[in-house]
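Chains A and B are the protein sequences, given in the same order. With full-length UniProt numbering, letter number 283 in the first sequence gets 283, and the count goes up by one each step, no holes. With full-length UniProt numbering, letter number 104 in the second sequence gets 104, and the count goes up by one each step, no holes. Backbone N, C-alpha and C fix where the C-beta goes; we use that ideal spot for every residue, glycine too. Computed from a predicted model, the values in this text were never measured in an experiment.
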Amino acid sequence: MIKTDILIIGAGPTGLFAVFEAGLLKLKCHLIDALPQAGGQCTEIYPKKPIYDIPGFPEILAGDLVNNLMKQIEPFQPGFTLGERANTIEKLEDGTFVVTTDKGTKHHAPIVAIAGGLGSFEPRKPPITNLSDFEDKGVEYIIRNPEIYRDKNVVISGGGDSALDWSIFLTDVAKSVTLVHRRNEFRGALDSVEKVQELKNLGKIELITPAEVIGLVGNNGLEEVVIKQGDEVFNRECDHFIPLFGLSPKLGPIADWGLEIEKNAIKVNNALDYQTNIPGIYAIGDVNTYPGKLKLILCGFHEATLMCQSAYQRIFPDKRYVMKYTTVGGVEGFDGSKKEAPKAVIKSID
Amino acid sequence: MKDIKVTIVDRHGVKHKVDAPTDMNMNLMEIVRSYELAPEGTIGICGGMAMCASCQCYVESPHQLPEMSYDEDLMLSEAFNVKENSRLSCQIFIKEELDGLEVELAPEV
């Protein structure tokens, strides 16, 4: 069981900054995120896009903002459970919470802060009628263990980096690799596109474009995919079909936690501390809603700050905390590091 | 500058004729959001950067729209339920010449 002071669900900018604000109050944080890396939308959707409304940064790439946040919170040594989705929450008799992920990892904390952005990122599934019948029976949306494809016939569809990269990787593993894409052009990095072209020329990848996988065939498992190319429809022998069309955010299991939801977002008390209808559970950043809500990173930072102050009071109801400026108090990390303003030189005057 | 009329068919097939301002640098996805014609979290997920296709629409009127950017074209090459008249509504900026535009929102995926 992982134990912490504040369990943060979502490792996007708001969740990451909450670690810093909690750290100033000497509270430890642990973050859970369904994605395999921190950064949320900034890393997953638009790492190379500039953001212009972060105070103090006239322009900063989303990926760089995440890198800076990671550096900023380093002294507070947060824990991470990445690549796992927060599935269930249980309130214990003492008012603390146990959150369990889809892989069974348990986390225990007196405070839960949901900073889930638009939700957990789920694979975008192509509209093939019997797709769900073959899930885990030959259809996978995420490649977790490439070894399962050894000596198998694999069909990948999609035109982005994931589709290109995995097609390249699996040529050394699978019996055959077929890449199906609706266009002749690909969205991926130029060197990946060139590598696929090279492997196609060597006969190691079969490229079928412009085409779509429109059907799946099999009894107990996947046996063939149905491909439509122009007016022609044909079947292709296939043990594994891997549709790689990116990720789409869904609120997911959080929606079943008994929280008050409005317009796909969690209602909070913004006049006070961004707490939800369940005491001890907060929601900050894009995942929450209240009158006048703006889904901006800077608003998430503000909400994270107030949430941490309130969390401190919940954990230590008898302690009186006085807000300090970092320019005065400095930043004292859990790793022994300390940053503070240099003291003025004092010289005695005779 | 004036408001124009835009007709938007939502994902339930309901037709909405709405006013769209031409002087606020708004795009069609933002119009859909401001009139709440699709639930939050199901449209404009990437914020209007042509990076998610959640705001895909079908242009039903014969308006001459600006040519697709490279990003929009490639995003639509990966999206689902794409038709000949598909566009990303976040890339359609509200201008006077679009008065009377009619679009239908593509299904949510």
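Should A/Tyr290 and A/Asn264 be called a contact, given that it needs their Cβ atoms to be closer than 9 Å? Not a contact, by the Cβ cut-off of 9 Å.
Of all the residues that make up the region 19–50 of chain B, which are near chain A by a beta-carbon distance shorter than 7 Å? Pro39, Glu40, Gly41, Ile45, Cys46, Met49
Beta-carbon of B/Met75 versus every beta-carbon of chain A: anything under 9 Å? yes
Residue range of the alpha helix (DSSP H) that includes A/Asp161: 161–170
Reference B/Gln64; option with closest CA among B/Leu37, B/Asn81, B/Ile92, B/Tyr35: B/Ile92
Where does the unbroken alpha helix (DSSP H) through A/Phe316 begin, and where does it stop? No alpha helix (DSSP H) holds A/Phe316; DSSP gives it neither H nor E.
In terms of alpha-carbon separation, which member of A/Ala18, A/Phe57, A/Phe20, A/Ala11 lies closest to A/Leu35? A/Ala11
Runs of alpha helix (DSSP H) wholly within the region 233–316 of chain A (minimum 4 residues, chain order): For the alpha helix (DSSP H) assignment, the uninterrupted runs of no fewer than 4 residues enclosed by the region 233–316 of chain A are, from N- to C-terminal side, 297–315.
Chain B contacts from the region 75–108 of chain A (Cβ-Cβ distance under 7 Å): none
Roughly how many angstroms separate the alpha carbons of A/Val217 and A/Pro78, rounded to a whole number? In a straight line, the C-alpha of A/Val217 is about 47 Å away from that of A/Pro78.
Give the list of continuous beta strand (DSSP E) stretches no shorter than 3 residues that lie fully inside the region 20–94 of chain A. 29–33, 79–82, 86–91
How far does the alpha helix (DSSP H) with B/Leu76 in it reach, from first residue to last? 70–78
Within-9 Å CB hit, B/Ser54 to chain A: yes
Residue range of the beta strand (DSSP E) that B/Gln91 falls in? Here B/Gln91 belongs to no beta strand (DSSP E), and DSSP marks it neither H nor E.
Determine, using beta carbons only, whether A/Ile6 and A/Thr101 come nearer to each other than 9 Å. no
Which whole-angstrom value describes the C-beta separation of A/Ala22 and A/Val66, a residue pair presumed to lie in contact below a C-beta threshold of 8 Å? About 18 Å separates the two Cβ atoms, so there is no contact after all.
Cβ of B/Glu84 within 9 Å of any chain A Cβ: no
Taking the straight line between their C-alpha atoms, what separation do you get for A/Ile2 and A/Cys42? Inter-residue distance for A/Ile2 and A/Cys42 is about 27 Å (C-alpha atoms, whole angstroms).
Measuring only between beta-carbons, confirm whether A/Thr289 sits less than 9 Å from chain B. yes
Pull up the DSSP beta-bridge partners for B/Leu105, would you. B/Cys57
Contact residues within the region 110–131 of chain A, judged by C-beta distance below 8 Å to chain B: Leu118, Gly119, Arg124, Lys125, Pro126, Pro127
Check this for me: beta carbons of A/Leu251 and A/Gly160, under 9 Å apart or not? Taking C-beta atoms as the reference points, A/Leu251 and A/Gly160 fail to come closer than 9 Å.
For B/Glu101 and B/Glu67, what's the separation of their Cα atoms in angstroms? Glu is not the amino acid found at residue 101 of chain B; the sequence shown has Leu there. Straight-line Cα distance between these residues: approximately 16 Å.
Buried or exposed (CB count within 10 angstroms, at least 16 for buried), B/His16: B/His16 is classed as exposed because its beta carbon has fewer than 16 other beta carbons within 10 Å across all chains shown.
Buried or exposed by the 16-neighbour rule on C-beta atoms within 10 Å, applied to B/Asp19: exposed
Would a check of beta-carbon distances place B/Val59 closer than 9 Å to chain A? Under the 9 Å criterion on CB atoms, B/Val59 is classed as non-interfacial with respect to chain A.
Could you tell me the distance, in whole angstroms, from the CA atom of A/Gly63 to the CA atom of A/Leu16? 13 Å
When DSSP builds the beta bridges, which residues end up paired with A/Glu223? Answer by DSSP bridge pairing: none, since A/Glu223 is not bridged.
Hey, is B/Val14's beta-carbon within less than 9 Å of any beta-carbon in chain A? no
Status (buried if at least 16 other CB within 10 Å, exposed otherwise) for A/Ile142: exposed
Could you list the residues in the region 254–272 of chain A with a C-beta less than 7 Å from some C-beta on chain B, going in chain order? Lys263, Asn264, Ala265
Opening and closing residue of the alpha helix (DSSP H) in which A/Val196 lies: 190–201
Would DSSP call A/Pro13 helix, strand or coil? helix
Run through DSSP, which three-state label would A/Ser348 get? coil
Between B/Ala53 and A/Lys343, what straight-line distance do the alpha-carbon atoms span, to the nearest angstrom? 54 Å
For chain A, find out if any of its Cβ atoms is closer than 9 Å to the Cβ of B/Val109; answer yes or no. At least one CB of chain A lies nearer than 9 Å to the CB of B/Val109.
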